[in-house]
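Peer 1: Numbering (the working numbering), first residue to last: 170 to 391.
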Amino acid sequence: MTQDQLKQAVAQAAVDYIVPQLTKQSIIGVGTGSTANFFIDLLAHHKMDFDGAVASSEASAERLKGHGIQVYDLNWVGELEYYVDGADETNGRLELIKGGGAALTREKIVAAVARTFICIADESKLVERLGEFPLPVEVIPMARSYVARELVKLGGDPVYREGVVTDNGNVILDVYNLEIGHAQDLEENINNIVGVVTNGLFAARPADVLLLGTPEGVKTLA
Ligand code: 5RP
170 MTQDQLKQAV
180 AQAAVDYIVP
190 QLTKQSIIGV
200 GTGSTANFFI
210 DLLAHHKMDF
220 DGAVASSEAS
230 AERLKGHGIQ
240 VYDLNWVGEL
250 EYYVDGADET
260 NGRLELIKGG
270 GAALTREKIV
280 AAVARTFICI
290 ADESKLVERL
300 GEFPLPVEVI
310 PMARSYVARE
320 LVKLGGDPVY
330 REGVVTDNGN
340 VILDVYNLEI
350 GHAQDLEENI
360 NNIVGVVTNG
370 LFAARPADVL
380 LLGTPEGVKT
390 LA
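1. Quick check: the segment 308-315 against the segment 210-229, are at least 3 beta-carbon pairs closer than 8 Å?
2. What's the C-alpha gap between residue 305 and residue 272?
3. Output the boundary residues of the beta strand (DSSP E) element that contains residue 381.
4. Please give the ranges of any beta strand (DSSP E) in the segment 319-363, keeping only runs that are unbroken, at least 3 residues long and fully inside the region.
5. Where does residue 389 fall in DSSP's three states?
6. Give the range of the beta strand (DSSP E) segment to which residue 281 is assigned.
7. Near residue 367, which residues of its chain fall below 7 Å by C-beta distance, leaving aside the five closest residues on each side in sequence?
8. Between which residues of its own chain and residue 320 is the CB-CB distance below 6 Å, once the five residues before and five after are set aside?
9. Helix, strand or coil for residue 186? Go by DSSP, reduced to three states.
10. Quick test of the definition: if touching needs 3 or more C-beta pairs under 8 Å, does the segment 234-254 touch the segment 206-214?
11. Would residue 372 and residue 352 qualify as a contact pair, given that the criterion is a beta-carbon distance under 7 Å?
12. Does the segment 251-271 come close enough to the segment 194-205 that 3 or more CB-CB pairs lie under 8 Å?
13. Bridge partners of residue 212, per DSSP?
14. Residue ranges of each beta strand (DSSP E) run of no fewer than 3 residues wholly in the segment 193-239, ordered along the chain?
15. Under the DSSP definition of a beta bridge, which residues are partnered with residue 241?
16. Taking 6 Å as the cut-off, is the CB of residue 269 close to at least one heavy atom of ligand 1?
Encoded structure:
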């Protein structure tokens, strides 16, 4: 099976997981990236079964609207039963690295609101130890060099993602070679650097369910 076929399989598994629970009032949190795109396209077949979605990026909002799915501002939404999104890496505790698509801050906000965060990923994303994928950090532009120096003090090698501006008007530093021993501590330490908006470690709020695409079928970890 190709990686895209595995992504499609986990996207379908997420649809199968949530659709039976939806009501006409349900609003679904929807993530960003190629796996999330498969999810959006498959979810669209069920658009009559729920009210609408909150998107973690402008790109996903456009894709949802393209299918005729109502997109809500999170500020107008009280309850979000599910958030479905991909990841760049996950460990067995369902702690994640996200932000390869530069949408990490909005992803973290929507994940914080959702009661159940369902991560959908092909098996290449499952790792023993987080950190082979460089950790994305969203930074206020004027703080870029300062934050980079602070990240070096934490043992990382930050690289400015040239030409990328986030949906929030900020920049991304991708941090290589970080020793991610205790992910939650590192997430907090990086977020405490002045000028950091957020970082792509999802450890304080990990996923609740991981649907992992393998050639033997979709595995569920919870
Ligand atoms: C975007 C993300 C994505 O979930 C992550 O990059 C995975 O993307 P893909 O599904 O294309 O492999 O965090 O900011």
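Where is the CB? At the ideal position from N, CA and C, for every residue including glycine.
What you are looking at is a predicted structure, and each value in this text was computed from that prediction instead of being measured.
Peer 2: In brief:
1. no
2. 10 Å
3. 378-383
4. 326-329 and 340-345
5. strand
6. Segment 273-282 is the alpha helix (DSSP H) holding residue 281; no beta strand (DSSP E) there.
7. 273, 274, 277, 307 and 360
8. 327 and 344
9. helix
10. yes
11. yes
12. yes
13. Answer is none; residue 212 lacks a bridge partner.
14. 196-199 and 221-224
15. Paired residue(s): none; residue 241 is not in a bridge.
16. yes
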